[in-house]
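This report refers to the structure that appears directly beneath it.
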Amino acid sequence: MPQSRHCLNPLPLVVFCLLLSLAARAEVTTLSSASIADIHRAMERGEITSEALVRQFLRRIEAYDDAGPGINAVLQLNPAALDEARALDAERQSSGPRSPLHGIPVALKDNIDTHDLPTTAGSFMLAGTVPLDDAFLVKRLRDAGAVIIAKLNMSEFASGGPLNSLDGLTYNPHDTSRSPAGSSGGTGAAIAAAYAMVGFGTDTGGSVRMPSSANGIVGLKPTLGLISRDGIVPLALSFDTAGPMARHVHDVATTLGVVAGVDPADPATARSEGQVHQDYTRFLDRDALQGAKLGIARDFMGADNEVDWIMESAFQTMRKAGAELVDIELPPWLLASRGDFYRTIRYREFRAQIADYLETTGPDYPKTLRALIDTAMTLPSPDSEQGYIPNPSRWQLMLKEDAGGELSDREYLAVRDHALPLLRDTIEGLMDEHGLDAIIYPTQPRRPQRIDPEPNPDSAPGSGGSPVTLANLTGFPDLIVPAGFTAGGLPVTVSFFGRAFSEPVLLGLGYAFEQRTQARRLPRTTPPLADAMRVAIE
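In terms of mature numbering (1 follows the signal peptide of the UniProt record, and there is no 0), the sequence shown is residues -26 to -1, 1 to 512.
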């Protein structure tokens, strides 16, 4: 006689229902796709440790930076990273985490001071110099329990292409024939290739945002003064800022709350008093685009048809999410003069301010820009013993910087004291006139350029050039979010540019866009390892 279904063993059904329930609220992803929040929850559940996390990233660096495609994003590993991770694991067990960054691996551009690792600004002229102290933001990271896993390659003295005299070229992991952009190209490539959870670059004229765009990651150039520049090799303090770079908007927001704040050693941070938030993740809202008004700066489009098409798709996504988009026009005088304004400030400030920094290095290192140039001239050809490589394009620019003039020059003072305030007022007036929450445009109007010097066949004539210096000239924030990929697999990003200290607004808008597009992809040259660590995400 058939057994009644009511008498069947209920255990398999219970297990099935439990598994179905778990699947409904969680999925398993590789480490390279997980966010800091995913990792933090996995650590709280005891599923992974900081030591295991660091080991996994070190294995990826070994597989893809030292071997494989040879991305060459890492300049130096922290030999104490595993010991630090083990100590932080023990601390978590005994007293709990210090912050959401507890045990999280972070990588730094090599112009950010670390007391236990050299800071060279990518130059053989500073090879081996170890600062006496950490940069302010590094102290904040360490205090929060982050693990500094590596120092990263960069354009020499934070200017120029992806080449430096100390370690050569860095390559774009999406296509190694393409540039990762500069000057934080090592950070952009490292985070795209999942060598760490978050990285830091610096931005004087687009150097966080261009590598974020070229490598298809999230990057934030914050408001000038939100993050201290103390302990960072300067390029031009009127424009310089550090910025977080990560694979998720949430990770950028998490990290910003740790490092932002007033620092007496950097007078510019005084303006951030009352503007700093300890937790920027509370502004992340999937519906932030609903009711937002955004201005499209088409002055920065028209140079690359495929980039423009991806932008139009991104704009349509924003409209469907409830945003109102209007076209805006920037004044012709602004578009025509911004390059001159930028160079007038940058050349003069680098000449004076790099000398101030060089005074903090040991007695055997150059102490002025002229001394750097003289040292560079001792390397007319590659040094096979040391591995040093001439970098003539950057060193030729140093000659221009050395001849750039003084900080007392009338031209410099006119731009600093009159032109830049006028430019800020103009942008704010334009946003007020249209009632804008942000201005949007392609971060880079063209796809990542080829490393070789041949003309880029992908580019078309036209457009108002790169928009990135606009955020430096004004000191305003600019958030970069992946928007899509070209047919050849090259990333394209959109910029959310806003008023001073509007990071909460920009992060909310960027997060809402990111959640609808998920235009994030692990580079094809750096796939998950065969035994990649997996993390359950909710």
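Ideal Cβ positions, reconstructed from N, Cα and C, are used throughout, including at glycine.
Just so you know, these numbers come straight off a predicted model, no measurement behind them.
V232 is a Cβ neighbour of A118, given a cutoff of 7 Å. DSSP places F110 in the uninterrupted alpha helix (DSSP H) bounded by 110 to 117. In the DSSP assignment, D338 forms no beta bridge with any residue. Rounded to the nearest angstrom, the gap between the Cα atoms of T197 and E359 is 43 Å.
Contiguous beta strand (DSSP E) elements confined to the segment 148 to 193 occur at 172 to 177, taking only those with 3 or more residues. For the pair V207 and K294, the Cα-to-Cα distance works out to about 44 Å. In this structure, P501 sits away from T4, with a CB-CB distance that is not shorter than 7 Å.
Take the alpha-carbon of Q418 and the one of T255: they are about 27 Å apart. Taken through DSSP and simplified to helix, strand or coil, M275 comes out as coil.
Residue range 306 to 332 is occupied by the alpha helix (DSSP H) that includes F324, with no beta strand (DSSP E) assigned at that position. Short of 6 Å from the beta carbon of R320, and not among the five residues preceding or following it, lie these beta carbons of its own chain, in chain order: A210.
Separation of the CB atoms of I22 and M171 is rounded to 12 Å, and the pair is thereby denied contact status at 8 Å. In the structure shown, A54 adopts coil according to DSSP, grouped into three states.
Contact between H148 and P497 holds: CB atoms are separated by about 5 Å, below the 8 Å threshold.
Excluding residues up to 5 positions away in sequence, G156, S157, N365, S367, R368, L371 lie with their Cβ nearer than 8 Å to the Cβ of G134 in the same chain.
DSSP places T443 in the uninterrupted alpha helix (DSSP H) bounded by 443 to 448. Exclusion of the five residues before and after R203 leaves D214, D240 as the residues of its chain whose Cβ lies within less than 6 Å of its Cβ. Beta-bridge partners of E21 (DSSP): none assigned. Residues of the same chain with a CB within less than 6 Å of the CB of G102, apart from the 5 flanking positions on each side, are P92 in chain order. Between the segment 45 to 65 and the segment 175 to 188 there are fewer than three inter-stretch CB-CB distances shorter than 8 Å, so the stretches are not counted as touching. In this structure, the straight-line span from the alpha carbon of A227 to that of G20 is close to 25 Å. Taking a C-beta distance under 7 Å as the contact criterion, P422 and F274 do not qualify as a contact pair. Taking C-beta atoms as the reference points, V468 and I414 count as a pair closer than 7 Å.
Inter-residue distance for D237 and T342 is about 26 Å (C-alpha atoms, whole angstroms).
Counting along the chain, M405 sits inside no beta strand (DSSP E); it lies in the alpha helix (DSSP H) bounded by residues 394 to 408. For S469, the secondary structure class from DSSP, reduced to helix, strand or coil, is strand. Pairing M17 with T161, the inter-Cα distance amounts to about 25 Å.
One alpha carbon belongs to E130, the other to G296, and they sit about 44 Å apart. Under the DSSP assignment, F487 falls in the alpha helix (DSSP H) whose first and last residues are 477 to 491. DSSP places E298 in the uninterrupted beta strand (DSSP E) bounded by 298 to 302. The alpha carbon of E286 has as its nearest neighbour, out of D391, L309, G458, the alpha carbon of G458.
Secondary structure of G135 (DSSP, three-state): coil.
Short of 6 Å from the beta carbon of G484, and not among the five residues preceding or following it, lie these beta carbons of its own chain, in chain order: V223, L453, V455, F470. DSSP, read as helix, strand or coil, puts P79 in strand. Below 8 Å, enough C-beta pairs join the segment 302 to 322 and the segment 387 to 402 to call them touching: three or more. In this structure, H408 keeps its C-beta atom at 7 Å or more from the C-beta atom of V509.
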